[in-house]
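Engineer:
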Amino acid sequence: MNYFALVFKSAFRNRTRSIMTTAGMAVAVLSFLFLRTVVDVWNSGISAAAQDRLATRHKISITMTLPKTHYQKIIDRVPNLSGVTYANWFGAVYPPDEHGFFANFAINGDTYFKVYNELVIPPDQLQAWQEDRAGAVVGPQLAKKYGWKIGDRVTLRGTIYPGDWTFNVRAIYDTTSKSFDKSTFMFHWDYLNDAVSETRKEQIGFLGVRVADPRQGAQVARAIDELFASSDAETLTESERAFNLEFVSMYSAILTAMDVVSIVILLIMTLIVANTIAMGVRERAHEYGVLRAIGFKPKHLLAFVFGESTLIAVLGGCLGIAIAFPVISGFGKVIEDNLSGMFPYFSMNTSTMMIAGGLSLAVGLISAIVPADSNTPTTCAGRLALSSMS
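When we follow my numbering, the leftmost residue of the sequence shown carries the number 64, and every step to the right adds one.
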């Protein structure tokens, strides 16, 4: 019998206990992967942010608007730009699904898709949208969720801009970057501007600025803010990553709690595996004594203990990872159908899976430290001798 077969047989001598411990490890790893995937999804917009794009908003708050004149001044007076656009957060809801959240913006139809060029729209659909003042561009997940098709008329109920707003679905976009989700609703800024009261006309929510040289992003941001430093509407210009981070930071406490819980789960599982191995070591004290008596060295016994602990933890980890694929995939489908605007790319990434595998191995090794106390193997033969004498 080879070493691995002996370790496997020893580890599962008490099958019920070992199987339950392995299952517990699988559940712990599944929980870790699920929580980490949620955190990764929330942060996906940050990690995928464009390096050559800036966002300009009102200095006081993102909820305050800027005069549209800022747009032309930036184009005229700030060098090293390859594109500038603007948009307003619309904040409307779809009446048949009042609680179904999705992002909706009024955008500059001439420049928006040039600055945000990760959005891909078929040329014929883009042209149809540009020619229709009430046209809308929607994401594929949003279209799938509500069954919208090209040519459909859709009515949204405004919250920031009260009233019923009717649009014609003219285009469905795709995206090549995770910095933009697939469930956004966009329409012409002019359509909004023509319908609001005089006090709200010619106002924009934020500007998207693309720099010609990403290395000069900080200088361009400083130049924009200095341009409006003495105006009634001062600006704050930051990288797209920092801009996206502002939204994520609103949920930072929740995300931190998820991080902590995911680690605590594995720590608890470490104690459980350690207890299982310790019970096995105590039960086989006489067996270890026999092994020492026939020539096995303490290091061989230590190898058995570490091998059993690592085997149980790694088997549980592999099982947890295997279960995680269908579980997270299935949950992601539910999310896409119901909360696509909040979790646009709910899927487990390879790095998270590798971390889970590495932690499973670490749990196995750490769990064996106490049961495999260096004094334990050397005293096993003594215990056997005392038992024989009695």
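Note that beta-carbon positions come from the ideal geometry of N, C-alpha and C, so glycine has one too. Keep in mind it's a predicted model, so treat the numbers as computed, not measured.
(1) Return the first residue and the last residue of the beta strand (DSSP E) that ARG116 is part of.
(2) Whose C-beta lies closer than 7 Å to the C-beta of ASP276 among residues of the same chain, with five residues either side of it excluded?
(3) Suppose the cutoff is 6 Å on Cβ atoms and the five residues either side in sequence are ignored; what does the same chain contact list for ILE184 look like?
(4) Nearest to LEU98 by CA position, among ALA320, THR339, LYS264, is which residue?
(5) Once the 5 residues before and after PHE388 are set aside, which same chain residues still bring their CB inside 8 Å of it?
(6) Under 6 Å Cβ to Cβ from SER414, same chain only, skipping five residues before and after it: list those, please.
(7) ARG216 lies in the alpha helix (DSSP H); which residues open and close that run?
(8) Which word fits HIS133, buried or exposed, when buried means at least 16 other C-beta atoms lie within 10 angstroms of its C-beta?
(9) On the criterion of 16 or more Cβ atoms from any shown chain inside 10 Å, does LEU422 qualify as buried, or is it exposed?
(10) Could you tell me the alpha carbon to alpha carbon distance between THR300 and ILE287, rounded to whole angstroms?
(11) Any Cβ of chain C within less than 8 Å of the Cβ of GLY370?
(12) To the nearest angstrom, report how far apart THR128 and LEU428 are at their CA atoms.
(13) Return the residue from the list VAL377, SER430, ALA191, ILE357 that minimises the CA-CA distance to LEU424.
(14) Tell me whether GLU265 is buried or exposed, calling it buried when 16 or more other Cβ atoms sit within 10 Å of its Cβ.
(15) In its own chain, which residues sit with a C-beta less than 7 Å from the C-beta of VAL70, not counting the 5 before and 5 after it?
(16) Does the structure place the stretch 78 to 94 close enough to the stretch 254 to 271 that three or more beta carbon pairs sit under 8 Å?
(17) With a 10 Å radius around its C-beta and 16 neighbouring C-beta atoms as the bar for buried, classify GLU303 as buried or exposed.
(18) Run through DSSP, which three-state label would PRO361 get?
(19) Can you give me the start and stop residues for the alpha helix (DSSP H) that ALA281 sits inside?
(20) My output table needs one value for GLU265: the three-state DSSP class, helix, strand or coil.
(21) Let me know if LYS72 comes out buried or exposed under the rule of 16 or more other beta-carbons within 10 Å of its beta-carbon.
(22) Determine, using beta carbons only, whether VAL232 and GLY214 come nearer to each other than 8 Å.
(23) Can you look up ALA275 in the DSSP assignment and give me helix, strand or coil?
(24) Would you mind giving the Cβ-Cβ distance between PHE165 and THR247, rounded to the nearest angstrom? I have them listed as a contact below 8 Å.
(25) Grab the span of the beta strand (DSSP E) containing ILE213 for me, first residue to last.
(26) Give a yes or no on whether the C-beta atoms belonging to PHE168 and ILE223 are separated by under 8 Å.
(27) On the premise that LYS177 lies in contact with ILE267, defined as a C-beta separation below 8 Å, what is that separation, rounded to the nearest angstrom?
(28) Report buried or exposed for ARG78, applying the criterion of at least 16 other Cβ atoms within 10 angstroms of its Cβ.
(29) If we ignore side chains and look at the alpha-carbon of each, how far apart do GLY404 and PRO186 end up?
(30) With the cut-off set at 8 Å, would you say ASN180 and TRP252 are in Cβ contact?
(31) Hey, which unbroken runs of the beta strand (DSSP E) at 3 residues or more fall wholly within the stretch 121 to 188?
(32) Among PHE95, PHE67, HIS162, ARG76, which has the Cα closest to the Cα of VAL323?
(33) So, are the CB atoms of ARG140 and VAL272 less than 8 Å apart?
(34) Does THR413 come out as helix, strand or coil in the three-state DSSP assignment?
Structural biologist: So, to answer that:
(1) 116 to 121
(2) ASN143
(3) ALA234, TYR236
(4) ALA320
(5) MET411
(6) none
(7) Counting along the chain, ARG216 falls outside any alpha helix (DSSP H), though it belongs to the beta strand (DSSP E) covering 216 to 221.
(8) buried
(9) buried
(10) 7 Å
(11) Any reference to chain C falls outside this structure, which holds one protein chain only.
(12) 57 Å
(13) VAL377
(14) exposed
(15) PHE367, GLY370, GLU371, LEU374
(16) no
(17) buried
(18) helix
(19) 280 to 290
(20) coil
(21) exposed
(22) yes
(23) coil
(24) 7 Å
(25) No beta strand (DSSP E) holds ILE213; DSSP gives it neither H nor E.
(26) no
(27) Actually they do not touch by this definition, with Cβ atoms about 17 Å apart.
(28) exposed
(29) Below a pLDDT of 50, predicted positions are generally treated as unreliable, and GLY404, at 49, falls in that range; no measurement from the model is reported.
(30) no
(31) 144 to 152, 167 to 170
(32) PHE95
(33) no
(34) helix
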